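Asks:
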Amino acid sequence: MTILIIEDEKKLVEILKKALRGEKYAFDVAYDGEEGFQKALKGNYGLIILDLSLPKKDGMDVCRELREKLVHTPIIMLTARGVIENRVEGLDVGADDYLLKPFSLDELFARIRAVLRRRRVVEVPLLSVADIIIDGKKHEVTRKGKVVFLTPKEYRILNTLVRNKEQAITRQQLIEEVWGPQFVETNNELNVHIRYLRRKIDSGRVRPLIQTIRGVGYALKEQ
Ligand code: CA
């Protein structure tokens, strides 16, 4: 597996290269956003470490545009701006996790392992429930053969529920799967995403698939 580093700070790149080499990861480097975007688009990378502020193309744009082009390589975003909004925004445009600069290499490797572990679980080729099919390879959801457009978060929520169908999933489990273990819910984010997801997945159904389990969380039930 090759990791793509998109970072313009040469000193940090050198540190990352040395550390990745030490952990036996192969890597490739791009020093600006445009180069990184092109490489990520063509290359077959296992993971991308993406700096937020980059010359030529901002890290946020790189991430958003990659996801729009259906490149689903896991992305860990690096940010020097310590503002919480940026973290949320980074995850909203499809990053898998973020790290605040300065970070320790131990922390970086822990995040890399966690992101890859999560991805492995998510990448099941085909999952189906009722009239819904999730194609993990294409990251595409269809209902009665028609494509349902889901945001990355809605996709992950549905994926988690389907993988665990007929079982209750706690709110905390879902939050960890979708936002990562560091996330602290402040505005009922999960409920909001579930509401949108229901509109897309359960509209017009006599018996909705996504059911609320009072005091626990949610379950996806086929009948
Ligand atoms: Ca930078």
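Numbering (the working numbering), first residue to last: 990 to 1212.
Idealized CB from N, CA, C, for every residue including glycine.
Since we're looking at a predicted model, the values are computed, not measured.
If distances are taken between C-alpha atoms only, which option among Lys1189, Arg1188 and Gln1161 comes closest to Asn1177?
Replies: The residue given as residue 1177 occupies position 188 in the sequence shown. Cα-wise, what sits closest to Asn1177 is Gln1161.
Asks: Take Glu1174 and list the residues in its own chain whose beta-carbon comes closer than 7 Å to its own, dropping the five residues that flank it on each side.
Replies: Counting from 1 along the sequence shown, the entry for residue 1174 is found at position 185. These residues qualify, in order along the chain: Ile1164.
Asks: Just how far apart, CA to CA, sit Arg1188 and Ala1208?
Replies: For the purposes of this step, residue 1188 is taken as residue 199 along the sequence shown, with counting starting at 1. For the purposes of this step, residue 1208 is taken as residue 219 along the sequence shown, with counting starting at 1. Taking the straight line from one Cα to the other gives about 16 Å.
Asks: Let me have the residue list for ligand 1: C-beta closer than 6 Å to any non-hydrogen atom, ordered along the chain.
Replies: After applying the 6 Å Cβ criterion, the set is Asp997, Glu998, Asp1040, Ser1042 and Leu1043.
Asks: Who are Gly1206's beta bridge partners in DSSP?
Replies: Here residue 1206 refers to the residue found at position 217 of the sequence shown. DSSP output for Gly1206 lists Thr1159 and Ile1202 as bridge partner(s).
Asks: What residue range does the alpha helix (DSSP H) around Glu1057 cover?
Replies: Start at 1 with the first residue of the sequence shown, and residue 1057 comes out as number 68. Run containing Glu1057: Gly1048 to Glu1057, per the alpha helix (DSSP H) assignment.
Asks: Which residues bound the alpha helix (DSSP H) around Lys1007?
Replies: On the sequence shown, residue 1007 is found 18 positions in, with the first residue counted as 1. Run containing Lys1007: Lys999 to Gly1011, per the alpha helix (DSSP H) assignment.
Asks: Identify the continuous alpha helix (DSSP H) that holds Val1151 and give its terminal residues.
Replies: Residue mapping note: residue 1151 aligns to position 162 of the sequence shown, counting from 1. Per DSSP, Val1151 belongs to the alpha helix (DSSP H) from Pro1141 to Arg1152.
Asks: Should the segment 1085–1099 be called in touch with the segment 1049–1061, which here means at least 3 C-beta pairs below 8 Å?
Replies: Segments in contact, no.
Asks: For Leu1030 and Gly1022, I'd like the C-alpha separation in whole angstroms.
Replies: As a working mapping, residue 1030 is identified with position 41 in the sequence shown. As a working mapping, residue 1022 is identified with position 33 in the sequence shown. Roughly 12 Å separates the two Cα atoms.
Asks: To the nearest angstrom, how far is it from the Cα of Tyr1144 to the Cα of Val1130?
Replies: Translated into the one-based positions of the sequence shown, residue 1144 becomes position 155. Translated into the one-based positions of the sequence shown, residue 1130 becomes position 141. Those two C-alpha atoms are separated by around 8 Å.
Asks: Output the boundary residues of the beta strand (DSSP E) element that contains Val1018.
Replies: On the sequence shown, position 29 is the one that residue 1018 refers to. Note, Val1018: beta strand (DSSP E), Ala1015 to Ala1019.
Asks: Beta carbon of Gln1027: closer than 7 Å to some heavy atom of ligand 2?
Replies: Although ligand 2 was asked about, the structure shown includes only ligand 1 as ligands.
Asks: What is the DSSP secondary structure of Lys1189, reduced to helix, strand or coil?
Replies: One-based indexing of the sequence shown puts residue 1189 at position 200. Three-state result, Lys1189: helix.
Asks: Alpha carbon to alpha carbon, what distance is there between Asn1148 and Asp1191?
Replies: Here residue 1191 corresponds to residue number 202 of the sequence shown, with the count starting at 1. Here residue 1148 corresponds to residue number 159 of the sequence shown, with the count starting at 1. If I take the Cα positions, the gap works out to 15 Å.
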